[in-house]
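Q:
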Amino acid sequence: MSAILVILLFLGWQPAVKNARGNVLYQQEKYDEALAAYDEALAEDGENPALHYNRGNALYRSDQHPSAVQAYANAVDGEAPVGGRAQYNMGNSLYRMGLLKDSIEAYKAGLRIEPDDIDMKYNLEYVMRQLQQQEEQERRNAQDRQQDPEDQANQDAQDNRDDPDDPDDQNDPNDGGPEPDEEESPKAPPPPREGELSRAEAERLLNALNKDEQDIQRRLRRQQATQVNPEKDW
Numbered sequence: 007m008s009a010i011l012v013i014l015l016f017l018g019w020q021p022a023v024k025n026a027r028g029n030v031l032y033q034q035e036k037y038d039e040a041l042a043a044y045d046e047a048l049a050e051d052g053e054n055p056a057l058h059y060n061r062g063n064a065l066y067r068s069d070q071h072p073s074a075v076q077a078y079a080n081a082v083d084g085e086a087p088v089g090g091r092a093q094y095n096m097g098n099s100l101y102r103m104g105l106l107k108d109s110i111e112a113y114k115a116g117l118r119i120e121p122d123d124i125d126m127k128y129n130l131e132y133v134m135r136q137l138q139q140q141e142e143q144e145r146r147n148a149q150d151r152q153q154d155p156e157d158q159a160n161q162d163a164q165d166n167r168d169d170p171d172d173p174d175d176q177n178d179p180n181d182g183g184p185e186p187d188e189e190e191s192p193k194a195p196p197p198p199r200e201g202e203l204s205r206a207e208a209e210r211l212l213n214a215l216n217k218d219e220q221d222i223q224r225r226l227r228r229q230q231a232t233q234v235n236p237e238k239d240w
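Just so you know, we're using the numbering used here here: the sequence shown kicks off at 7 and counts up by one.
(1) So the candidates are Ala-81, Leu-31, Glu-35 and Pro-72; which of them puts its Cα closest to the Cα of Asp-51?
(2) In the structure shown, what three-state DSSP assignment does Val-88 receive?
(3) Alpha carbons only, please: which of Gln-34, Gly-90, Gln-70 and Arg-61 is nearest the one belonging to Arg-4?
(4) Reducing DSSP to helix, strand and coil, say where Pro-121 ends up.
(5) Comparing alpha-carbon positions, which option in Ala-26, Glu-120 and Tyr-101 lies nearest Tyr-44?
(6) Have a look at Lys-107 and Ala-47 and give me their C-alpha separation to the nearest angstrom.
(7) Counting contacts by CB-CB distance shorter than 8 Å, is Ala-81 in contact with chain C?
(8) When DSSP labels each residue in this structure, what does Val-23 get in the three-state scheme?
(9) Whether or not the segment 126-141 and the segment 108-116 are in contact is what I'm after, with contact meaning three or more pairs of Cβ atoms, one per stretch, closer than 8 Å; do they touch?
(10) Are there 16 or more other CB atoms within 10 angstroms of the CB of Ala-148, so buried, or fewer, so exposed?
(11) In angstroms, rounded to a whole number, what distance separates the CA positions of Gln-76 and Ala-92?
(12) At what residues does the alpha helix (DSSP H) containing Asn-54 begin and finish?
(13) Return the residue from the list Asp-83, Asn-95 and Glu-39 that minimises the CA-CA distance to Tyr-66.
(14) Take the Cβ of Gly-116 as the centre, count every other Cβ of all protein chains shown within 10 Å, and call the residue buried at 16 or more, exposed below.
(15) Sort Pro-121, Leu-137, Asp-123 and Asp-122 by Cα distance to Tyr-101 and report the nearest one.
(16) How is Met-103 classed by DSSP in three states: helix, strand or coil?
(17) Can you have a look at Pro-121 and say buried or exposed, based on whether 16 or more other CB atoms are within 10 angstroms of its CB?
Here it is, written out as structure tokens:
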């Protein structure tokens, strides 16, 4: 009986060990290897929202945004504190995919969970501005298509004379024009807050878990050595 309990304890550590290993690899920017570790952990603990969240971050950093969205959705389904951050990162992935309306909805859902999240508010406002500009441009394009062809030709000629941003003018990007402000874009997701540690903390945890694993294996070997086979009844 005691051997069975030791085995169950050992097996219970496995997802935590693999998650900790994934966190260390994530901190080292080895995102593909981190993803593999999270997948191994999920194979044994598939309902853990924090594992889905960590998996989503590894996918995000690997530019696999559709898969990242699905991983974040799995994290949101669970009742855990990662829900707000999962919605935030889902919004970032949807933005990278060009799905601005869906991105806005994800940020709004995240703010319902974490209403004081400044980064999420910033990203929501930014993407809303981007969507507004996109819709205004689409309206202008539709109006231009409805114009009389002769009027459109005259307008195009006027635009070519007056537009200072024409690609053929002095403001060509290759001529040293202003660089875009890196802050004027949605902020990328930070490393996971829930279930994620600093690199040093994660390494310490992983070392401790590996030590526990070795201790359990030694106990199992001792348990097996002390077992006596019953004598055969002739």
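Built from N, CA and C at the ideal position, the CB exists for glycine as well.
In this text the structure is predicted, and so the values were computed from the model without any measurement.
A: Walking through what the data contain:
(1) Ala-81
(2) coil
(3) Shown here, the chain extends from 7 to 240; a query on residue 4 therefore has no answer.
(4) coil
(5) Ala-26
(6) 33 Å
(7) Included in the structure is just one protein chain, with no chain C present.
(8) helix
(9) yes
(10) exposed
(11) 10 Å
(12) Element bounds for Asn-54: n/a, residue is neither H nor E.
(13) Asn-95
(14) buried
(15) Leu-137
(16) coil
(17) exposed
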